[in-house]
Each structure stands twice: as C-alpha cells, then as structure tokens.
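In terms of our numbering, the sequence shown opens at residue 107 and continues consecutively. Worksheet: one structure, shown below.
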Amino acid sequence: MFQVSSNVLTGTAVSEIEGVKRETQLREGKVSDDTISFVEPLDFNGVELQIKYTGRLQSNQIQFRREVGDVAVEEFNATRVLPALTNTAVTNVQAGSSTNAARLEQRRGRGTLGRQIELRPDDKPAFGEPPPTFNKRRNDIPHGKLEIVEYDSKTVGTRRKMQVYTPPGYSNAKKYPVLYLLHGIGGDETEWQRYATVDVLLDNLIADGKAVPMIVVMPNGRAQKDDRPIGNVFASAPAFETFEFDLLNDVIPVIELRYSVHTNRESRAIAGLSMGGGQSLNFGLKYLDKFAWIGGFSSAPNTKPPAELIHDPEDAKQKLKLLLLSCGNKDGLIRISQEFHGYLKEKGIQHIWHVDGNGHDPTHWRNTLYHFVQLLFR
C-alpha cells in the first residue's frame with residue numbers, strides 16, 4: 107500500500123515473487139515524474155542489506171528494477187490497482203515475470219549493500235593491479251577447452267550442469283590438479299566465465315609459466331531441481347547449503363571419473379565469490395582432508411562465524427597450503443572477512459588478506475582470481 111505526499115512515498119510494500127511473500131515498510135521513498143523509488147531493508151543472516159527498487163510508470167503498469175548491490179539484480183512488472191498515484195495505490199508483483207540480471211548484458215555497480223564500512227589498519231592490497239590484458243584472448247598461444255558437462259545428482263535427484271575448463275594440451279597420459287570455482291547467489295555455472303573469461307585468463311597465465319596447468323570446475327551451487335537464478339534468489343539460500351553434499355558426493359566423483367586428475371587433497375582447491383566465497387570457506391575448512399587450497403572473495407553472510415569455520419587451529423596450520431581472503435574497500439560486506447582475518451591472525455594461522463579499491467563487483471573477483479590461481483599447486 108503506497109501513499110504519496112509532496113513527492114514523498116511512504117507505506118508498506120507487499121510482494122509475491124515465485125510464491126514467496128514479503129511485507130516491509132518502505133524507506134527513502136520518492137516520486138519524480140513517471141519514476142518511483144524506494145529501499146526495502148532485508149535481514150540476511152544478521153546482516154542488513156538494502157534492496158533498492160526503481161520503477162517507471164506506464165499506464166497501470168510499473169516496470170521495476172530490484173537491486174541488492176551487485177549480488178542480485180532483477181526486473182519485474184507490477185500492476186497498479188488504483189489508477190492515481192497521488193492517492194493510495196497498490197502494486198501487485200506478477201509472479202514469474204522476474205528476469206535475473208545474470209541474463210542481462212550489464213550487471214555493474216559498486217554496491218555497499220547498506221553496511222557502514224569501517225576500514226582497519228590491515229585492510230590493504232596484498233597484490234598489485236593485474237596487467238590490462240590479463241583476460242584478453244591471445245591468438246599466438248595454445249588454448250584450452252571449455253565445455254558444459256551434465257551429471258546425475260543423487261543429492262538433488264535430477265540432472266545438473268557444470269562448466270569445466272581443461273588446459274591446453276590436456277592429455278589422459280598425465281594427471282592434473284583441480285580448482286572448484288563457486289558463483290554468487292544471483293549466478294549459476296556460467297557466472298565465473300561471464301565475469302572473468304576463466305578459460306582465457308588461465309590460457310594466458312599457463313602460456314607465460316605463471317600458473318600450473320589445471321582443470322577448473324564451475325558447478326551450479328544452487329542444489330535444487332529448479333536451479334536457474336530467476337525470481338527471488340534469496341528464497342534459494344537453503345539450496346546453497348545442500349550443495350555441500352552435491353559437491354562432495356556427485357560433482358567431485360564425476361570429475362574424477364571423467365577426467366585424468368590427481369585425487370589427493372594437495373591437488374584440490376576451492377574458491378568462490380560472494381555466496382560462493384562463503385561456501386568455499388564453509389566447505390573447504392570443514393573438509394581439510396579434501397581441500398588444501400581455499401579462497402573466499404567478498405564472502406557473503408552465509409559464511410559461518412570464525413570459530414565455527416576452524417574448530418582446530420593447529421590442524422588447520424598443518425593442513426592448509428593456502429588460505430586467501432579478499433574484499434573491496436567499498437564493499438559493505440567487508441566486515442565478514444575482516445572478522446575472519448582477525449581471528450586467523452589471533453590464532454597464528456597463516457593466510458593472505460587482500461583488500462583492493464573495488465566494491466562487491468566483478469572487477470574485484472576477476473582480479474583476485476588472477477592472483478589466486480598463480481599461487482595454486484606449487
């Protein structure tokens with residue numbers, strides 16, 4: 107129920123997307139000509155996110171854009187039940203009309219996600235800026251292969267997809283280490299490739315002798331039967347926890363059966379962005395008998411508290427080959443990584459803490475990936 111007075115929008119927003127209902131008091135509501143905007147607060151695992159809505163009026167239809175920083179962006183249509191916006195008006199979100207920004211050409215931003223950013227003395231870059239052409243295709247070097255692999259998931263009970271990169275000159279006559287690379291809450295198995303052109307990035311580094319030839323697996327971390335990133339992506343949060351078992355019991359066995367890979371923990375890495383960063387820390391540190399190299403880039407609120415991530419600091423010290431945490435200094439989620447960095451420092455657990463000048467965005471993720479893969483399997 108919206109009310110407008112002197113171009114200020116107030117009231118309660120009631121929406122239903124993909125069967126998920128939400129009611130909230132509007133904040134920062136404004137009306138200007140044919141545009142309305144407001145902010146919806148959302149508590150996500152104890153962290154308040156600000157969901158920004160911008161809508162354009164067209165007759166009795168409002169075309170909305172819904173943004174949660176750069177974690178998720180959606181577009182949908184709403185219907186005005188009462189025609190005059192200057193009086194009380196009601197908008198009904200049409201279920202099923204959402205389109206995730208993963209399908210849009212542009213998904214940009216330097217989102218702070220509504221959090222107050224307080225930088226600390228340790229929040230500094232651990233690496234320099236990558237060269238400007240680090241993920242630009244070069245025609246004078248050998249190229250690897252990128253393919254879609256389908257597999258039967260016993261965990262989910264359906265057939266699922268993942269993208270797999272094999273390095274130039276891949277051969278069954280030798281064995282390769284594997285990096286499992288996880289996407290964010292608004293993405294899928296294609297997100298890392300769209301953001302970082304992973305195949306090109308690895309081709310270039312391998313050609314220059316800066317990265318070990320490796321296989322990179324980009325699965326879908328939304329372990330449910332309908333795993334497409336559409337509608338209310340936050341409603342799928344439980345499926346990101348279920349992915350722990352899909353990864354261990356389905357994805358990894360398929361990769362180790364289909365490809366010529368090393369199967370020891372020292373040859374297995376896991377990393378991810380945002381929600382996938384939280385997954386990587388949760389799963390990787392829980393299963394140090396399976397992963398020795400771990401990276402969390404802009405890790406999201408799904409990340410477990412530090413003491414739950416590492417139950418036995420001495421065991422972690424012995425088993426970790428690499429633990430890299432990163433975040434942009436314009437990212438409102440930086441507190442999550444700051445707290446974990448502080449815990450690791452207190453316990454004397456060796457790690458890399460990298461803070462650059464970006465936000466919660468693809469520039470930070472692909473730049474950090476560039477540095478991360480050069481450290482693996484050495």
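Where a beta carbon is used, it is the ideal one built from N, C-alpha and C, also for glycine.
Remark: C-beta atoms of G378 and L288 approach each other more closely than 8 Å. Spanning the alpha carbons of T160 and E134 requires a straight line of approximately 11 Å.
R328 carries a coil assignment under DSSP once its states are collapsed to helix, strand and coil.
Out of F389, A375, R300, the CA that lies nearest to the CA of M381 is found in F389. One thing to note: R226 has its Cβ within 8 Å of the Cβ of Q444.
The segment 347–367 makes no contact with the segment 296–316; the number of CB pairs closer than 8 Å stays below 3. Inter-residue distance for R243 and D140 is about 44 Å (C-alpha atoms, whole angstroms).
Around the Cβ of G263, a 10 Å sphere holds fewer than 16 other Cβ atoms; the residue is exposed.
The beta carbons of I442 and S405 sit closer together than 8 Å. For Q456, there is no enclosing beta strand (DSSP E), as DSSP gives it neither H nor E.
Nearest to D246 by alpha-carbon distance, out of R265, D309, Y393, is D309.
In its chain, beyond the 5 residues on either side, L394, D395, K396, F397, A398, K425 have a beta carbon closer than 8 Å to the beta carbon of R371. Sequence-distant partners of I312 (beyond 5 residues in either direction) whose C-beta falls short of 7 Å from its own C-beta, in its chain, are P273, P274, P319.
In this structure, DSSP gives P147 an extended state, which the three-state scheme calls strand. Taking the Cα of G315 as reference, the smallest distance to any Cα among P248, H417, G293 is reached at P248. Annotation: T272 is outside any alpha helix (DSSP H); the continuous beta strand (DSSP E) that includes it extends over 264–272.
Counting every other CB atom within 10 Å of its CB across the protein chains shown gives T239 a total below 16, marking it as exposed. By the Cβ-count criterion, H417 is exposed, with fewer than 16 other Cβ atoms from all chains shown falling within 10 Å of its own Cβ. The three-state reading of DSSP puts Q299 in helix, counting H, G and I together. Less than 8 Å divides the Cβ of D356 from the Cβ of S259. Taking 8 Å as the upper bound for CB-CB distance, G402 and L431 are in contact here, some 5 Å apart. For V479, there is no enclosing beta strand (DSSP E); the residue is part of the alpha helix (DSSP H) that begins and ends at 468–481. Secondary structure of V318 (DSSP, three-state): coil.
Listed in chain order, the beta strand (DSSP E) elements of length 3 or more contained wholly in the segment 336–384 are 374–379. Bounds of the beta strand (DSSP E) holding L288 are 284–288.
Check the Cα spacing between S373 and each of Q169, P419, H466, I321: the tightest is with I321. In terms of Cβ geometry, G384 and P335 do not form a close pair [threshold 8 Å]. For A317, the CB contacts under 7 Å within the same chain, skipping 5 residues up- and downstream, are L308, L311, V479, Q480 in chain order. The shortest CA-to-CA distance from R364 to any of V323, D332, D333 is the one to V323.
A direct Cα-Cα distance of roughly 29 Å separates A184 from G438. Judged by their CB atoms, Q269 and L252 are nearer to each other than the 8 Å cut-off. Leaving aside the five residues that flank Y449 on each side, the residues in its chain whose CB is nearer than 6 Å to its CB run, in chain order, P412.
Within a 10 Å sphere around the beta-carbon of A375 sit 16 or more other beta-carbons, which makes this residue buried.
Counting of Cβ neighbours within 10 angstroms places P147 among the exposed residues, the total staying below 16. The C-beta of G234 has fewer than 16 other C-beta atoms within 10 Å across all chains shown, which makes the residue exposed. Taking the Cα positions, D332 is about 30 Å away from T474.
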